[in-house]
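Residue numbers (this note's numbering): 200 to 826.
No residue lacks a Cβ here, since even glycine has one placed at the ideal position from N, Cα and C.
Quantities reported herein were computed from a predicted structural model and do not represent experimental measurements.
The structure appears below as structure tokens.
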């Protein structure tokens, strides 16, 4: 198979057996790889209602056909399982260098089954694969474990995906961290990995894989590189990465200030990407083969945090440890990011459980005594730091927080459930969806719970009515405070996101900069894989992935009633002081109707209709779900 490793690796931790099989070309063409092939594997091999922490859960790493090629941003891998945090689909995505290294070793997927008797790590060096004792690594953070493996294996170029102490201690939103800070963080995939007594997966590949037409592929890449370099967003993405969003969202009233109680943060400029660039940036860094070095190496000169050096951060952790908790101390926020990465936790969920606890304190629902003597006042950065340590070890009040905000609110009660900001058990990202309504709909319908990366419908920022008419037949689609037509927008960008995750490329280039359309993607796949697909067929693969994920969560009991968001966003207008979005709410129900209609799903249940599933080649899966 062109542009594929060609092999599926299966590891049974219970009995220590390691097997392999050829990558099924028919399935690969139907689902491409990465997220697509991962959901097909979960559907076929994971029984309904599997406990996310049980040995019966399977953990699947997948790298798509463009991973390890010269495609700009072709570095992403997906890791999937039943989520121990939400009880539905667990899936997360990360970049860096680990995914390409897996492909260079000859593998498209690694499927982990069972549970080891004691901590182990998986060592993959081309076709030499073994399980090794990791008891000396247990208890180490991500950085310490990675350094220890480099020393043990005698090769600093070994790519390591590891979990930290949070996963070992059963924090349900622990992630898997590759290259120290490249986080497959959402939905608790690190928690699954640690529950299997698997500390790390170390990979070193010395092989290569051909594309079908190197000359044609190279010419396409040259063209795409030119488009990226000439794109109006290239410079700011190069300089600031996603942290450019701090000031951008603040200007429209979309920051999650003090747990989404207002949309602007008084000190946004002081904690922005521009401030990081001015104060702490050493140099830029890119993922494998990427033309946009959007990450940054930082050195923080602050006596409180000696020798603080880190990479990043992305917008999500930065906003989470500043605006969301009311903190205007940038150096302290960067220390929070560093701790979250080292302990191996999802920064979105972590910042939500902390800011929820702060709002509970504000409203008199949680006392200082119940909070281990911590004063959880807005902006108390030292309390935030203390909670990060506590959550990672499930100590004191943080045992309440370590299962995520939905579970925490259910345990605390006292009306705190109203302020637990999640969808399907997954915490919302760092933007107020009352100010960006397509993103609100995308969060509500997302297959892994509230999340922006399942769609990224950036088009609603375009303010181009004519383009809205051209694309969707509705001018309002181009305006963020309008809700008409947003079902069509989200459907389109969900399919774009599914394809980018399936082929293994970065959404910054593929989705947000739109360097490829459906026909362009088909041309690229022809050059890479030899598969002669039309643009419509490529889009259909994205639609197939979205629908199979919907069947997967439907099998776990998800219906239209679960496609919702907290009352704060649906009925509380953004208050005065939220800039141009003041007074806005999220009109979710009409958007849902429009979305289901566009998708060919039942309007009452939110379940895919039989005709649509048959059209996508999912009739057999539909019959299984209905039974």
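**Q.** Top-ranked residue by Cα proximity to residue 535, from 558, 480, 781, 508
**A.** 508
Q. Does the count of Cβ pairs from the stretch 408-415 and the stretch 346-365 closer than 8 Å reach three?
A. no
(Q) Please classify residue 460 as buried or exposed, where buried requires at least 16 other C-beta atoms within 10 Å of its C-beta. (A) buried
Q) Would residue 662 be called buried (16 or more neighbouring beta carbons within 10 Å of its own) or exposed? A) exposed
Q) Less than 8 Å separating the beta-carbons of residue 622 and residue 648? A) yes
**Q.** Residue range of the unbroken alpha helix (DSSP H) whose run includes residue 796
**A.** 787-798
Q. Can residue 334 and residue 318 be called in contact, C-beta distance under 8 Å?
A. yes
Q. In whole angstroms, what separates the C-alpha of residue 329 from that of residue 320?
A. 8 Å
**Q.** Extent of the continuous alpha helix (DSSP H) to which residue 861 belongs
**A.** Here the chain comprises residues numbered 200 to 826, so residue 861 is not present and cannot be evaluated.
Q. Expressed to the nearest angstrom, what Euclidean distance is found between the alpha-carbon atoms of residue 586 and residue 362?
A. 19 Å
Q: Sort out for me which residues DSSP pairs residue 621 with in a bridge.
A: 626
Q: State the beta-bridge partners of residue 221 as determined by DSSP.
A: 206
Q) Under three-state DSSP, which class holds residue 711? A) helix
Q: Can you tell me which of 560, 758, 272 puts its alpha carbon nearest to the alpha carbon of residue 494?
A: 272
(Q) Can you confirm whether the stretch 661-680 touches the stretch 206-216 when touching is taken to mean that 3 or more C-beta pairs between the two stretches lie within less than 8 Å? (A) no
(Q) Quick check on residue 482: buried or exposed, where buried means 16 or more other Cβ atoms within 10 Å of its Cβ? (A) exposed
Q.
Considering just the uninterrupted stretch of the alpha helix (DSSP H) at residue 423, what are its terminal residues?
A. 413-428
**Q.** Rounded straight-line distance, which links the Cα of residue 780 to that of residue 450
**A.** 9 Å
Q) Taking only beta-carbon atoms, is residue 420 less than 8 Å away from chain C? A) The question asks about chain C, but that chain is absent: this structure has only one protein chain.
Q | Contact between the stretch 743-751 and the stretch 461-478 (3+ Cβ pairs under 8 Å) | A | no
Q. Between the stretch 616-633 and the stretch 567-577, are three or more C-beta pairs nearer than 8 Å?
A. no
Q) Since residue 782 and residue 789 are thought to touch, with beta carbons under 8 Å apart, how far apart are those beta carbons, to the nearest angstrom? A) In fact, because the Cβ distance is near 18 Å, the residues do not count as touching under 8 Å.
Q. Since residue 689 and residue 740 are thought to touch, with beta carbons under 8 Å apart, how far apart are those beta carbons, to the nearest angstrom?
A. The Cβ separation is near 18 Å, so there is no contact.
Q. Mind pulling the alpha helix (DSSP H) runs of 4 or more residues that sit fully within the stretch 736-764?
A. none
Q.
From the DSSP secondary-structure annotation, give me the bridge partner or partners of residue 614.
A. None; residue 614 has no bridge partner.
(Q) Just to confirm the assignment: which complete alpha helix (DSSP H) runs, minimum length 4, are found wholly within the stretch 294-354? (A) 297-303, 341-352
Q | Three CB pairs or more closer than 8 Å across the stretch 422-437 and the stretch 212-228 | A | no
Q) Anyone know if the C-beta pair for residue 776 and residue 276 falls short of 8 Å? A) no
(Q) DSSP has residue 648 in a bridge; who is on the other side? (A) 646
Q | For residue 541 and residue 382, the rounded distance between their alpha carbons | A | 11 Å
Q. Assuming residue 595 and residue 526 make a contact with CB atoms under 8 Å, what is their CB distance in whole Å?
A. Contact flag wrong, Cβ pair sits at about 21 Å.
Q | Beta-carbon proximity check, residue 274 vs residue 486, cutoff 8 Å | A | yes
Q | Candidates 339, 701, 539, 279: closest to residue 512 by CA position | A | 539
(Q) Any contact between the stretch 718-734 and the stretch 252-259? By contact I mean 3 or more CB pairs, one from each, below 8 Å. (A) no
Q | Length of the line joining the Cα atoms of residue 436 and residue 458 | A | 27 Å
(Q) Looking only at its chain, what residues have a beta carbon closer than 6 Å to the beta carbon of residue 717, apart from the 5 residues adjacent to it on each side? (A) 734, 737, 738
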